[in-house]
Amino acid sequence: MTRAPGHPRILVIEDEAEIARIICHALDEYGFRWEHAATGRHGLQSAQQRPPDLAIVDLGLPDMDGMAVIRQLQESAPCAVIILTGRNDVTDRVLGLELGADDYLVKPFEPRELIARVRSILRRYLRGPGEAPAAPGTALFSGWRFDAARLGLTAPDGREVSLSAAEASMLQALLRNPNRILSREQLIGEREVDPYDRSIDVRISRLRRKLEDDPQNPRLIKTVYGAGYLFCSTVAWE
Ligand code: CA
Numbered sequence: 096m097t098r099a100p101g102h103p104r105i106l107v108i109e110d111e112a113e114i115a116r117i118i119c120h121a122l123d124e125y126g127f128r129w130e131h132a133a134t135g136r137h138g139l140q141s142a143q144q145r146p147p148d149l150a151i152v153d154l155g156l157p158d159m160d161g162m163a164v165i166r167q168l169q170e171s172a173p174c175a176v177i178i179l180t181g182r183n184d185v186t187d188r189v190l191g192l193e194l195g196a197d198d199y200l201v202k203p204f205e206p207r208e209l210i211a212r213v214r215s216i217l218r219r220y221l222r223g224p225g226e227a228p229a230a231p232g233t234a235l236f237s238g239w240r241f242d243a244a245r246l247g248l249t250a251p252d253g254r255e256v257s258l259s260a261a262e263a264s265m266l267q268a269l270l271r272n273p274n275r276i277l278s279r280e281q282l283i284g285e286r287e288v289d290p291y292d293r294s295i296d297v298r299i300s301r302l303r304r305k306l307e308d309d310p311q312n313p314r315l316i317k318t319v320y321g322a323g324y325l326f327c328s329t330v331a332w333e
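In this note's numbering, the protein residues as written are 96 to 333.
In structure tokens:
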């Protein structure tokens with residue numbers, strides 16, 4: 096999954112014509128390339144033909160559950176995801192984040208707010224975490240293997256483990272800084288993180304479920320209370 100910086104492709108999956116129009120107009124205004132799909136099925140088709148860098152997905156679609164759309168996107172065309180929800184429903188948001196969404200917006204929202212989220216997420220994805228562009232390579236740790244170019248993770252028993260783009264980006268930040276405490280800001284390459292933003296913790300817990308024998312007593316990804324997270328393993332990059 097290589098991404099060309101500078102020309103991110105954004106897929107908008109939203110059935111309400113007026114909201115879709117506002118989103119696409121804002122994206123136009125800020126110079127983003129976009130495609131619009133009014134149903135989940137069309138969105139998934141479009142993503143397969145032209146994989147997006149970021150999908151903006153309304154959770155209330157006429158033909159499919161938005162969560163199912165996100166799940167299928169993560170399998171067929173992993174990309175960053177912002178979910179839109181009309182309901183101020185915390186359960187939906189948390190479930191969306193659990194499924195691999197990077198952020199959410201509750202309708203109605205300011206187009207400017209949307210653009211700010213889009214920019215911040217694309218910055219993370221297109222540059223990788225931290226300041227410098229993330230160099231590709233393969234990381235070996237505790238019997239595991241992570242291929243940074245294709246975002247593939249292989250377990251010690253040879254099993255392929257699928258990662259969402261958001262999980263892979265966070266794992267990469269940890270693997271580039273083993274045995275060092277990383278703050279939440281460092282983990283996602285942002286200057287400031289809202290203390291109530293649960294998306295980082297959600298992503299860490301998803302990574303633990305994939306990497307740890309006992310996610311309740313993590314051996315690899317340790318929480319350092321009040322400071323951040325610590326990746327406890329030697330890591331060899333090749
Ligand atoms: Ca809708």
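Each residue gets a CB set at the ideal place from its N, CA and C atoms; glycine is no exception. Computed from a predicted model, the values in this text were never measured in an experiment.
Own chain partners of residue i with C-beta closer than 6 Å, once the 5 adjacent residues on each side are dropped
{"i": "PRO103", "result": "ASP148 and LEU217"}
{"i": "GLN169", "result": "GLY195 and SER259"}
{"i": "LEU50", "result": "The question about residue 50 has no answer here: the residues shown for the chain are numbered 96 through 333."}
{"i": "GLN144", "result": "none"}
{"i": "ARG317", "result": "With the sequence shown as reference, residue 317 is identified as Lys, and Arg is not the correct amino acid for it. Around LYS317: LEU325 and CYS327."}
{"i": "PHE127", "result": "ILE105"}
{"i": "SER171", "result": "GLN143"}
{"i": "VAL256", "result": "LEU248, ALA250 and LYS305"}
Cβ-based neighbour list, residue i, same chain, cut-off 7 Å, excluding 5 preceding and 5 following
{"i": "ARG212", "result": "ILE177, ASP198 and LEU200"}
{"i": "LEU122", "result": "ILE105 and TRP129"}
{"i": "CYS119", "result": "VAL107, TRP129 and HIS131"}
{"i": "ARG136", "result": "ASP158 and MET159"}
Residues that DSSP places opposite residue i in a beta bridge
{"i": "ASP153", "result": "LEU179"}
{"i": "GLY247", "result": "ASP242"}
{"i": "THR233", "result": "ASP242"}
{"i": "ARG104", "result": "ARG128"}
{"i": "GLU109", "result": "Per DSSP, none; premise fails for GLU109."}
Nearest to residue i (by Cα), restricted to the options the options
{"i": "GLN167", "options": "SER259, GLU205 and ARG207", "result": "SER259"}
{"i": "LEU269", "options": "GLY284, ALA175, LEU106 and PRO290", "result": "GLY284"}
{"i": "LEU246", "options": "GLY253, MET265 and SER237", "result": "MET265"}
{"i": "VAL164", "options": "VAL107, ARG207 and ASN312", "result": "VAL107"}
{"i": "LEU139", "options": "LEU248, LYS317, LEU156 and THR318", "result": "LEU156"}
{"i": "GLU113", "options": "PRO206, TYR320, TRP332 and ASP296", "result": "PRO206"}
{"i": "VAL319", "options": "GLU111, ALA150 and ASN274", "result": "ASN274"}
{"i": "ARG214", "options": "LYS305, GLN281 and ALA150", "result": "ALA150"}
{"i": "LYS202", "options": "TYR291, ASP296 and ALA115", "result": "ALA115"}
Contact under 8 Å by Cβ, residue i with residue j
{"i": "GLN267", "j": "ALA243", "result": "yes"}
{"i": "TRP239", "j": "PRO231", "result": "no"}
{"i": "SER141", "j": "ALA132", "result": "yes"}
{"i": "THR180", "j": "LEU209", "result": "no"}
{"i": "LEU190", "j": "SER294", "result": "no"}
{"i": "VAL330", "j": "PHE204", "result": "no"}
{"i": "ARG314", "j": "GLU307", "result": "yes"}
{"i": "TRP332", "j": "ALA234", "result": "yes"}
Local Cβ density within 10 Å of residue i, reported as buried at 16 or more and exposed below that
{"i": "ARG271", "result": "buried"}
{"i": "ASP187", "result": "buried"}
{"i": "ARG298", "result": "buried"}
{"i": "GLU287", "result": "exposed"}
{"i": "GLU262", "result": "buried"}
{"i": "ARG219", "result": "buried"}
{"i": "ARG279", "result": "buried"}
{"i": "GLU109", "result": "buried"}
{"i": "GLY161", "result": "buried"}
{"i": "THR173", "result": "Correcting the residue identity first, residue 173 is Pro in this sequence and not Thr. With 16 or more other Cβ atoms within 10 Å, it is buried."}
{"i": "GLY253", "result": "exposed"}
{"i": "GLU226", "result": "With a pLDDT of 42 at GLU226, under the threshold of 50, the modelled position of this residue cannot be trusted, and the question is left open."}
{"i": "GLY321", "result": "exposed"}
{"i": "HIS152", "result": "Here residue 152 is Val; the residue named in the question, His, does not match the sequence. The residue in question, VAL152, is buried, as its Cβ has 16 or more Cβ neighbours within 10 Å."}
Sequence-distant residues of its chain with Cβ nearer than 8 Å to residue i (five each side left out)
{"i": "GLU111", "result": "ASP153"}
Any non-hydrogen atom of ligand 2 within 7 Å of residue i CB
{"i": "GLU111", "result": "Within the structure as shown, ligand 2 is missing, the only ligands being ligand 1."}
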